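*Asks:*
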Amino acid sequence: MIKVELNPKLKKMLILIFSIAFASSLFCMTFFAQKIIYKNILSDIIHVSGSFEYYREIILNFSFTFSVAFAIILLFVSKCESFTLKSSTFFALAVFASFLITQPLFMLNRWQTGIGDGSYDFGDMFKACAASINMGEDICPPSSMLIYQVMRNTFPGIKDAGLDDYFTMITSLTAGYYIQLFFIFSIAPLVILSFIAIDGTNAQKAFFAFSIMLARPIMIGFERGNSIMATLAFVMFFCLCYRSKNPFIHELALIALAIAFALKIYTAIFGILLLKDRNFKSSVRCAIYAVFLFVFPALCHRDGFIESFKLYIDALNGYMSNLDFGLEAAQLSLKRIATLFVIAFNIPNLLSIIYPIFMIIMIAIFAILIFLSKKTWHTLLACSLATIVIPSLSWPYTAAFLLIPLISVLNEKQKNYFDYASILCILWIFMFVYYDFFSFTRIIFKLNNWWIPMMIMLILALIDILLTLKTARINKIIHAKGANS
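Quick note, the sequence shown lines up with residues 302 to 786 if you use the numbering used here.
1. May I ask which residues mark the beginning and end of the alpha helix (DSSP H) holding SER528?
2. Per DSSP, what are the beta-bridge partners of LYS304 in this structure?
3. Assuming PHE505 is part of the alpha helix (DSSP H), what are its boundary residues?
4. Kindly indicate which three-state DSSP category LEU348 falls into: helix, strand or coil?
5. Answer with buried or exposed for ALA762, where buried requires no fewer than 16 other C-beta atoms within 10 angstroms of its C-beta.
6. Just the Cα atoms here: how many angstroms apart are SER399 and MET537?
7. Would you check if the region 709–717 and the region 692–700 touch, i.e. whether three or more CB-CB distances between them fall below 8 Å?
8. Would you mind stating whether VAL492 and ILE513 have Cβ atoms separated by less than 8 Å?
9. Tell me where the alpha helix (DSSP H) around GLU552 begins and ends.
10. Who are the near neighbours of ALA559 in its chain, counting only those whose CB is closer than 7 Å to its CB and skipping five residues on each side?
11. Using a Cβ-Cβ cutoff of less than 7 Å, which residues in the same chain neighbour PHE739 once the five nearest sequence positions on both sides are dropped?
12. Quick one: Cα of SER445 to Cα of LYS582, how far?
13. Could you give the distance in angstroms between the alpha-carbon of ALA683 and the alpha-carbon of LEU375?
14. From the DSSP output, in three-state form, read off TRP696 for me.
15. Relative to the alpha-carbon of LEU788, which residue among ILE303, SER379, THR772 has its alpha-carbon at the smallest distance?
16. Please return the same chain residues whose Cβ sits closer than 6 Å to the Cβ of LEU317, not counting the five positions on each side in sequence.
17. Where does TRP678 sit, in a helix, a strand or coil, going by DSSP?
18. By a C-beta neighbour count over all protein chains shown, 10 Å radius and 16 as the cutoff for buried, is PRO572 buried or exposed?
19. Do the region 378–392 and the region 343–351 meet, that is, are 3 or more Cβ pairs less than 8 Å apart?
20. Which of helix, strand or coil does DSSP assign to ASP720?
21. Let me check understanding here. Comparing Cα to Cα, which of TYR355, ILE497, SER383, ALA516 lies closest to LEU703?
22. In angstroms, rounded to a whole number, what distance separates the CA positions of ARG579 and SER364?
23. I want to know whether the region 663–675 touches the region 766–773 - three or more CB-CB distances under 8 Å.
24. Output needed for LYS506: all residues of its chain with C-beta closer than 6 Å, excluding positions within five of it in sequence on either side, in chain order.
25. Quick check on the burial criterion: 16 or more other C-beta atoms within 10 angstroms. Buried or exposed for TYR698?
26. Can you give me the Cβ contacts of TYR356 inside the same chain, cut-off strictly under 7 Å, excluding the 5 residues immediately before and after it?
27. Quick check on ALA665: buried or exposed, where buried means 16 or more other Cβ atoms within 10 Å of its Cβ?
28. Go ahead and pull the three-state DSSP assignment for ILE499.
29. Please state whether the Cβ-Cβ distance between LEU311 and SER383 is less than 8 Å.
30. Per DSSP, what kind of secondary structure is ASP765 in: helix, strand or coil?
31. Given this structure, state the Cα-to-Cα distance separating ALA322 from PHE371, to the nearest angstrom.
32. Short check: CB of LEU541 to CB of ALA701, under 8 Å?
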């Protein structure tokens, strides 16, 4: 935590600097300045080969973005006398700065974040729900299908716009409005819960919550149009409230985890928090809620119970079989790492042996973090990483689950070097550290394998636990010797 005092002299200097920066950004928005930059810098010095109109769009996007940023900073400096920088504020600043730098390039490339595949999961759902809840057509669980069916019936314009055709769905501006509306309603609870969960002043909490919307896994979820954000919000609510003494809030937390399970099956791992607390009655109730919410949507099919149950079984089988995707859809999966390992050593026939070994080692590490660590955030880290790496189908947006241990470690009153290093690892994942625009950034992208920071976090947590246990044992021996003497 760093407290900064703005004395009058420093304040005037900062206002002058950011005023010049703001004016320069506005100047770069003019056609005259853009021609000078293109001719004297880009052409004569850097020797770019693109047309003026192409680079003019880039200059315009950057200058507009930075003029808005400098205007906000100017307003803050002019109104503030002192402020405190917490670790959560530094994290938010880094995420915001990385987005600020890359956002103009997203605008130039139709807001693609580098992982785009040209389709929306929301579009898949609308197509699958065109006539009924056909749960055998898509890999998502039945609850997702029911939610999209309700949304389709709520907004009749979807059908009127002729969005039953998939190509029309992913290219229609009308479809985009409905998709973004659903995404806003999905991410709003996530931002609100982040504001509630993080410690600090209202301004610090608001800034952190705002930066979460700009984190790379969240933006990839937006690009993909996946319901992961709604699922994450339910899991966050559970983690915040499952220990509540209020029986009503506690029960809502159990239902929230059950809903998350119905939307994304792998979130069931967070139920281990109840087992760790030996709250077996709540565990049973949560399991009952989860089974009901997973099965019930199948009963809403208009063809009756028997037919709907068959469709439910088809959906379940299809979903589980789709958890066996290859490298394309398994970018953060442990199976991908095992596959790359056997390919690298030219032993593809041993995948059926190597993969279970990797899985056993990973589960053992998670068990150590959950049951031996005294830090809550270690337990949440293990649960979050399990939801990311254990399913064979693991798109990059699943890294958004790291938000849960992130908030927990940021709220720690006493952090050690291992904790700060882990915060930097999550920052590595949440920042836009590259954009596939210039050739050198492609090299950075190759180094930006999110498995690296995730494994570093696991190793740091293990070392932290071992050192803590060793220290506790030494203290116990010293205490025993002191008692005997």
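Quick reminder that beta carbons are idealized off the backbone N, C-alpha and C, glycines included. Since the model is a prediction, treat every value here as computed from it, not as a measurement.
*Replies:* Walking through what the data contain:
1. No alpha helix (DSSP H) contains SER528, which DSSP labels as neither H nor E.
2. THR385
3. According to the sequence shown, residue 505 is Gln rather than Phe. Per DSSP, GLN505 belongs to the alpha helix (DSSP H) from 503–514.
4. Going by the sequence as given, residue 348 is His instead of Leu. Three-state DSSP puts HIS348 in coil, outside helix and strand.
5. buried
6. 25 Å
7. no
8. yes
9. 548–564
10. CYS587, TYR590, ALA591, LEU594
11. Reliability fails at PHE739, whose pLDDT of 40 lies under 50, so the model's placement of it is uncertain and no value is given.
12. 28 Å
13. 41 Å
14. coil
15. Residue 788 lies beyond the range of the chain shown here (302 to 786); nothing can be said about it.
16. none
17. helix
18. Here the sequence assigns Gly to residue 572, which means Pro is not the residue at that position. Counting Cβ neighbours within 10 Å, GLY572 comes out buried, since at least 16 surround it.
19. no
20. helix
21. ALA516
22. 56 Å
23. yes
24. PHE496, ILE499
25. buried
26. TYR339, LEU343, VAL349
27. exposed
28. coil
29. no
30. helix
31. 7 Å
32. no
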